[in-house]
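Working notes for the structure below.
2 protein chains.
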Amino acid sequence: MDNPFVKYPGYLLRRASKSRMAQLAQHLEPLGVGVSEASILVLVGRNPGISQAECGRLLSIKRPNLNPIIRRFIERNLIISTKGQGRIQCLNLSESGEALAERITQEFEAQEARIYEAVPPHLRDELVPMLNALWWSQ
Amino acid sequence: MDNPFVKYPGYLLRRASKSRMAQLAQHLEPLGVGVSEASILVLVGRNPGISQAECGRLLSIKRPNLNPIIRRFIERNLIISTKGQGRIQCLNLSESGEALAERITQEFEAQEARIYEAVPPHLRDELVPMLNALWWSQ
DNA sequence: TATTGTTATACTCTATAACTATA
DNA sequence: TATAGTTATAGAGTATAACAATA
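Those protein sequence lines, which keep their order, are chains V and G. The opening position of the first sequence corresponds to residue 1335 in the working numbering, with each subsequent residue numbered one higher. The opening position of the second sequence corresponds to residue 1335 in the working numbering, with each subsequent residue numbered one higher.
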């Protein structure tokens, strides 16, 4: 059978992205979080007091979709929400949230190392420039 | 605000993939097909008599998810299904299916050209090897 | 008014289980 | 039995509209 797509960079790009996301999800599974959830926790950890709306903008998640995820984190006592300016809720990690974000960050770094090492040594310096060039920013 | 992910190749890979898929979907929209649907039509055109199950394996689409898509193509008279060995249905493009697959292929080629040209000239020869290296094939 | 948080809703993609039809 | 097609279903992820709350 002839797969006419293996010569298309767009197809290879999608295949690479999907497989690496699955790989990362597999390593995050024991921590009880998906990739999006893990990213949110790390983002809140790096930006104490950030709002839901700002999280959504940075991660390209629409506010109505982010809201129930944040709510679950609050219920699980991983994120603490305090009143801010206007209707804003300032988000911060709880102590257990900090611990989990730490472990997630380790998995993120391990994943990046796996990707980096999969690239032939003479192309490694070009990895980030290449991926930035492939981004279509509208 | 600090986005801690812009240094992660995995994040850049996903961002690139998602944006390019959106770009391609935008160009396919006037043809009335999504990216997956377009791929199926081209695949059937290149492999006359292929089965649903084989299509699914080549495109990483599970049979239960592929089935209704094929059925819609048959209803729209883009694909013709004939009885084969066992329960197999042999799939072929109709005349209008051929015409549509031709236009889709042109859009695919145009998309690949856009991606190729977005890469700095000195990295273009490394594009396909890089993307193949980034694929985690389990 | 503009922005945030919130609810409802819907559409796509994906995944699993289980059924039938045929070799 | 094994494979193909089929149906039902459930879970992500994503999208829009609209409402409530606050500056």
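Ideal Cβ placement from N, Cα and C applies to all residues, glycine included. Since we're looking at a predicted model, the values are computed, not measured.
For lysine 1341 of chain V, the nearest candidate out of G:Leu1465, G:Gln1472 and G:Leu1362 (CA to CA): As a working note, residue 1341 of chain V is residue 7 in the first sequence. That would be G:Leu1465, whose Cα lies nearest to the Cα of lysine 1341 of chain V.
Of the listed residues V:Arg1348, V:His1361, V:Ser1394 and V:Ile1422, nearest to isoleucine 1438 of chain V (C-alpha basis): Counting from 1 along the first sequence, the entry for residue 1438 of chain V is found at position 104. Nearest option by C-alpha distance: V:His1361.
Extent of the continuous beta strand (DSSP E) to which lysine 1352 of chain G belongs: One-based indexing of the second sequence puts residue 1352 of chain G at position 18. Segment 1343-1362 is the alpha helix (DSSP H) holding lysine 1352 of chain G; no beta strand (DSSP E) there.
Reference aspartate 1336 of chain G; option with closest CA among V:Ser1430, V:Pro1463, V:Leu1377 and V:Ala1447: As a first step, residue 1336 of chain G must be located in the second sequence, where it is residue number 2. Of the listed residues, the one whose Cα sits closest to aspartate 1336 of chain G is V:Leu1377.
Closest residue to glutamine 1303 of chain V among V:Pro1402, V:Tyr1345, V:Ile1374 and V:Ser1353 (Cα-Cα distance): Limits of chain V in this structure are 1335 at one end and 1472 at the other, which puts residue 1303 of chain V out of reach.
Serine 1351 of chain V classed as buried or exposed, judged by whether at least 16 other C-beta atoms fall within 10 angstroms: Translated into the one-based positions of the first sequence, residue 1351 of chain V becomes position 17. Buried, since its Cβ has 16 or more Cβ neighbours within 10 Å.
Amino acids of chain G, ordered along the chain, whose beta-carbon sits closer than 8 Å to that of arginine 1437 of chain V: Looking up residue 1437 of chain V in the first sequence gives position 103. The contacting residues do not exist; arginine 1437 of chain V stays about 15 Å from chain G at best.
Contact with chain G by proline 1338 of chain V, beta-carbon distance below 8 Å: Here residue 1338 of chain V corresponds to residue number 4 of the first sequence, with the count starting at 1. Yes - at least one Cβ of chain G is within 8 Å of the one on proline 1338 of chain V.
Proximity test, Cβ basis, 8 Å: proline 1402 of chain V and chain G: Position 68 of the first sequence, counting from 1, holds the residue named residue 1402 of chain V. False, the Cβ-Cβ gap to chain G never drops below 8 Å.
Sequence-distant residues of its chain with Cβ nearer than 8 Å to leucine 1412 of chain G (five each side left out): Translated into positions along the second sequence, residue 1412 of chain G becomes position 78. Within the same chain, leucine 1412 of chain G has close Cβ partners Leu1375, Leu1427, Ser1428, Ser1430, Gly1431 and Leu1434.
Where asparagine 1399 of chain V meets chain G, residues with beta-carbon distance less than 8 Å: In the first sequence, residue 1399 of chain V corresponds to position 65, counting from 1. Under the 8 Å cutoff, chain G gives no residues; its nearest Cβ is about 15 Å from asparagine 1399 of chain V.
Anticipated Cβ contact below 8 Å, isoleucine 1403 of chain G with glutamate 1371 of chain G, distance rounded: Position 69 of the second sequence, counted from the first residue, corresponds to residue 1403 of chain G. Position 37 of the second sequence, counted from the first residue, corresponds to residue 1371 of chain G. Between glutamate 1371 of chain G and isoleucine 1403 of chain G the Cβ distance is about 6 Å, and since that is below 8 Å, they are a contact.
Which of helix, strand or coil DSSP assigns to leucine 1427 of chain V: Locating residue 1427 of chain V in the first sequence gives position 93, where the first residue counts as 1. In this structure, leucine 1427 of chain V counts as strand in the three-state DSSP scheme.
Sequence-distant residues of its chain with Cβ nearer than 8 Å to valine 1453 of chain G (five each side left out): As a first step, residue 1453 of chain G must be located in the second sequence, where it is residue number 119. The answer, listed in chain order, is Leu1461.
Start-to-end residues for the beta strand (DSSP E) that takes in serine 1415 of chain G: For the purposes of this step, residue 1415 of chain G is taken as residue 81 along the second sequence, with counting starting at 1. First-last of the beta strand (DSSP E) with serine 1415 of chain G: 1413-1417.
When V:Tyr1450, V:Gln1386, V:Asn1399 and V:Leu1400 are compared against glutamine 1423 of chain V, the one with the closest alpha-carbon: To locate residue 1423 of chain V, count along the first sequence from 1; it is residue 89. Residue V:Gln1386 is the option with its Cα nearest to glutamine 1423 of chain V.
Presumed contact (8 Å Cβ cut-off) between arginine 1349 of chain V and methionine 1355 of chain G, rounded CB distance: Position 15 of the first sequence, counting from 1, holds the residue named residue 1349 of chain V. Position 21 of the second sequence, counting from 1, holds the residue named residue 1355 of chain G. Wrong, their Cβ atoms sit about 12 Å apart, outside the cutoff.
For asparagine 1401 of chain V, the first and last residue of its enclosing alpha helix (DSSP H): Position 67 of the first sequence holds residue 1401 of chain V. Asparagine 1401 of chain V -> alpha helix (DSSP H) spans 1397-1409.
Proximity test, Cβ basis, 8 Å: proline 1343 of chain V and chain G: Walking along the first sequence from the start, residue 1343 of chain V turns up at place 9. Yes - at least one Cβ of chain G is within 8 Å of the one on proline 1343 of chain V.
Within-8 Å CB hit, glutamate 1441 of chain V to chain G: As a first step, residue 1441 of chain V is located in the first sequence; it is residue number 107 there, counting from the start. No - not a single Cβ of chain G is within 8 Å of the one on glutamate 1441 of chain V.
Proximal residues, the region 1370-1387 of chain G versus chain V, C-beta separation under 9 Å: Ser1373, Val1376, Leu1377, Gly1379, Arg1380, Asn1381 and Ile1384
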